[in-house]
Amino acid sequence: MKFKLLSIAALGLCVACTSCKKENDGAMKQELTQVKVTTVKSEKIGQIETYTATVESDVKNNISPNAPMRIRQIFVEVGDYVSKGQIVALLDQATENQLAMSIQSQQSAIAGQEANYQALVANVHSYEAQVQQTKREADRMDALYKAGGISKSDNEAVQLQLQTQQRALEAQREQLKAQRAAIAAQQAQLKGLNTQSASVAENNKLRSPISGYVTARNYDAGDMTGGLPVLTIEQTNPVKLLLNVSEVYYHKVKKGTPVEIKLDAYEERGFGGNVTIVYPTVDQVTHTFPVEVTINNSDQVVRPGMFARATITFEYKDHVVIPDEALVKQMGAGDRFVYVYDPSSQTVRYQKVELGRHMGDKYEIKSGVKPNEKVVVAGQSRLNNGKKVQVVK
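Just add 33 to wherever you are in the sequence shown, counting from 1, and you've got the numbering used here.
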């Protein structure tokens with residue numbers, strides 16, 4: 034009987050011990066912080082830089098006369114579209130009118146000289162006939178003198194008369210040549226005046242050298258031109274951006290490199306461009322080099338002066354990507370951390386990370402986390418470095 038009682042007591046003690054152990058194990062499980070984790074993977078991520086710039090017209094022309102002049106008329110207003118070669122303004126005609134008067138006077142003088150020349154030609158022809166008649170008479174008298182029909186003095190008188198007339202005829206011919214040369218000189222002068230007049234008339238017409246929009250008008254009709262251009266015309270297709278890129282990317286930017294562009298004026302729309310010029314020098318102060326990006330603007334929606342953000346992808350690298358909720362910000366600092374879970378010890382470690390791009394609900398991690406590691410995505414507020422945790426789904 035006594036033995037039975039001892040056996041029952043021992044059995045009760047064992048049951049009580051087993052029950053206590055289960056209660057202690059349950060209490061320990063209840064004490065572990067529950068967390069959710071995810072396994073991170075690496076992806077090929079474009080290494081990008083974003084630059085801000087102001088849209089500029091591809092070509093900009095300031096239209097002015099070559100000397101200060103009074104404006105006669107302006108045909109366009111700001112915002113008007115003009116075509117290449119279109120007359121946009123006329124200048125004062127004072128010089129043009131003076132040249133027209135000079136041309137008219139010169140033409141009258143030439144007409145008078147031409148009339149005088151024709152009169153001289155008629156005189157020369159008449160005198161030539163007279164000389165021919167005198168020559169025939171001189172030949173006849175010379176023959177008579179040789180035959181003994183007239184005296185020597187009579188023959189010499191006729192011969193002298195012929196020589197005098199021939200010299201007079203030669204003088205008239207020289208005068209005719211001089212008159213012709215004078216007329217030719219006046220005609221050359223008239224040609225020069227006509228050329229000058231045409232040039233002045235053309236210069237008085239201000240034409241647009243490009244097709245584009247009028248973006249500035251600085252004068253009105255009747256104003257005298259000064260230091261400002263009469264009009265500014267800008268070609269808006271294509272348009273361009275000028276970016277200042279760090280010298281570390283100099284060997285990675287090439288002509289034709291694609292560029293993604295966002296404009297504040299069109300928040301929901303993206304635009305594409307290409308690098309068209311890579312400047313060959315680097316600024317010694319900023320250590321940047323200019324890059325010109327051209328944007329096709331055939332629909333004319335992009336305007337010079339708009340604010341733009343241009344993104345260039347320089348290369349692609351394999352980097353770990355983690356969800357936003359895995360990141361923890363250190364209090365009082367800008368550093369970012371994650372809790373990395375170690376399945377073997379069921380503990381977490383506080384790991385600083387270097388962030389890259391933010392892509393929707395994920396971040397690129399340049400350093401701090403390796404591929405296939407597990408990071409905590411829920412429950413971080415109750416964690417500290419080295420703490421043991423319980424992973425739940």
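Backbone N, C-alpha and C fix where the C-beta goes; we use that ideal spot for every residue, glycine too.
Predicted, not measured: the structure shown is a model, and the values here were computed from it.
Review point. Would Asn270 pass as a contact of Pro262 if the rule is Cβ separation under 8 angstroms?
Key: no
Practice item. Compute the Euclidean distance between the alpha carbons of Asn418 and Val381, then round it to the nearest angstrom. Key: 6 angstroms
Exercise for review: Note down the Cα distance separating Ser135 from Leu226, rounded to an integer number of angstroms.
Suggested key: 8 angstroms
Point to revise | Reduced DSSP category for Gln119 - H, G, I as helix; E, B as strand; rest coil | key: coil
Check your understanding: Cβ of Arg213 within 8 angstroms of Cβ of Tyr150?
Key -> yes
Point to revise | Whole runs of the beta strand (DSSP E) within the stretch 141-212, excluding any shorter than 3 residues | key: none
Practice item. Indicate the three-state DSSP secondary structure (helix, strand or coil) for Gln423 in the structure shown. Key: strand
Check your understanding: Nearest to Tyr349 by CA position, among Gln317, Gly389 and Val373, is which residue?
Key -> Gly389
Review point. Does the separation of the CB atoms of Gln199 and Ala171 fall below 8 angstroms?
Key: no
**Study point:** 8 angstroms CB neighbourhood of Val334 in its chain, flanking five on each side removed
**Key:** Tyr299
Review point. Mind checking Ser97: buried by the 16 CB within 10 Å criterion, or exposed?
Key: buried
Review point. By a C-beta neighbour count over all protein chains shown, 10 Å radius and 16 as the cutoff for buried, is Ser241 buried or exposed?
Key: buried
Review point. Bridge partners of Arg415, per DSSP?
Key: Answer is none; Arg415 lacks a bridge partner.
Point to revise | N- and C-terminal bounds of the beta strand (DSSP E) containing Leu264 | key: Leu264 to Ser279
Check your understanding: Of the choices Gly412, Asn99 and Lys399, whose alpha-carbon is the least far from that of Lys238?
Key -> Asn99
Review point. Ordered along the chain, which non-local residues of its own chain (more than five positions away) have a Cβ less than 7 angstroms from that of Thr72?
Key: Asn405 and Lys407
Review point. Leaving out five residues before and five after Ser378 in sequence, what residues of the same chain have Cβ atoms less than 6 angstroms from its Cβ?
Key: none
Point to revise | Secondary structure of His284, DSSP reduced to three states | key: helix
Review point. Straight-line CA distance for Tyr396 to Gly112?
Key: 45 angstroms
**Study point:** For Gly225, the three-state DSSP class (helix, strand or coil)
**Key:** helix
Review point. What residue from His391, Leu275 and Glu387 has the CA that sits closest to Met339's CA?
Key: Leu275
Review point. Residues bridged to Asn307 by DSSP?
Key: Pro291 and Thr327
Exercise for review: List the residues that DSSP assigns as beta-bridge partners of Met25.
Suggested key: Residue 25 lies beyond the range of the chain shown here (34 to 426); nothing can be said about it.
Check your understanding: Can Met102 and Leu132 be called in contact, C-beta distance under 8 angstroms?
Key -> no
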